[in-house]
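Chemist: So the sequence shown is residues 1041 to 1162, counted in this note's numbering.
All residues carry an ideal CB built from backbone N, CA and C; glycine is no exception.
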Amino acid sequence: AFVAPKVRGVTDSNGDAIDVDEKIDGGPSVLFDAVALVLTDEAATTLSKDATAKDFVSDAHAHAKFVAYTQSANALFEAAGIGESDRDNGYHLVSSKTSITEFVEACRNVRFWDREADVDQT
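1. Measure from the alpha carbon of A1076 to the alpha carbon of each residue in D1154, A1091, T1051, G1130, then state which is nearest.
2. How big is the Cα-Cα spacing for L1116 and T1092?
3. What does DSSP give as the partner residues of A1108 in its beta bridges?
4. From A1113, G1067, D1061, S1088, pick the residue whose C-alpha is nearest to that of T1080; which is it?
5. Out of curiosity, what's the CA-to-CA distance linking D1160 and W1153?
6. For L1087, is the classification buried or exposed, using 16 other Cβ atoms within 10 angstroms of its Cβ as the cut-off for buried?
7. For F1096, I'd like the list of residues in its chain whose CB is within less than 7 Å of its CB, leaving aside the five on either flank, ordered along the chain.
8. Does the Cβ-Cβ distance between D1143 and V1134 come in under 8 Å?
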């Protein structure tokens, strides 16, 4: 499912329209088994100022979701209070077909349960 700030007006890098399934304020990360943050620098900067987008990311972290992301998502992570040191092995930087395959294979475990164990110990 595609989740975005608006249901209309989202385009890919070729300029083609993307059908959006949920607005970010109506499709929180809790509804999904895993999430992928595929963002441009501009989108990440904009979303880093949006409370709902920050909640989407922080909730995905708190619920031990696997998270795929592009390098541009770092601004949103930081705004959501998820620093680089918080990004455990449940986070997958996607930059190639191989890294996407690794993310999908990791998702077979449903959640990155080690993250919950780390939270319980603090």
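Modeler: Here's the rundown:
1. Walking along the sequence shown from the start, residue 1076 turns up at place 36. It is G1130.
2. For the purposes of this step, residue 1116 is taken as residue 76 along the sequence shown, with counting starting at 1. For the purposes of this step, residue 1092 is taken as residue 52 along the sequence shown, with counting starting at 1. Taking the straight line from one Cα to the other gives about 11 Å.
3. In the sequence shown, residue 1108 corresponds to position 68, counting from 1. The partner list for A1108 (beta bridge, DSSP) reads A1076, H1132.
4. If you number the sequence shown from 1, residue 1080 lands on position 40. T1080 has its Cα closest to that of A1113, out of A1113, G1067, D1061, S1088.
5. Numbered from 1 along the sequence shown, position 120 holds the residue referred to as residue 1160. Numbered from 1 along the sequence shown, position 113 holds the residue referred to as residue 1153. Bear in mind that a pLDDT of 49 at D1160, under 50, signals an unreliable position, so the number given afterwards is only what the model happens to contain. When the Cα atoms are used, D1160 and W1153 turn out to be separated by approximately 11 Å.
6. Mapped onto the sequence shown, residue 1087 falls at position 47. By the neighbour-count rule (16 or more Cβ atoms within 10 Å), L1087 is buried.
7. For this step, residue 1096 is matched to residue 56 along the sequence shown. For F1096, where only same-chain residues beyond five positions count, the Cβ hits under 7 Å are I1064, P1068, S1069.
8. Residue 1143 sits at position 103 when you count from the first residue of the sequence shown. Residue 1134 sits at position 94 when you count from the first residue of the sequence shown. Per the sequence shown, residue 1143 should be read as Phe rather than Asp. For F1143 and V1134, yes; Cβs fall inside 8 Å.
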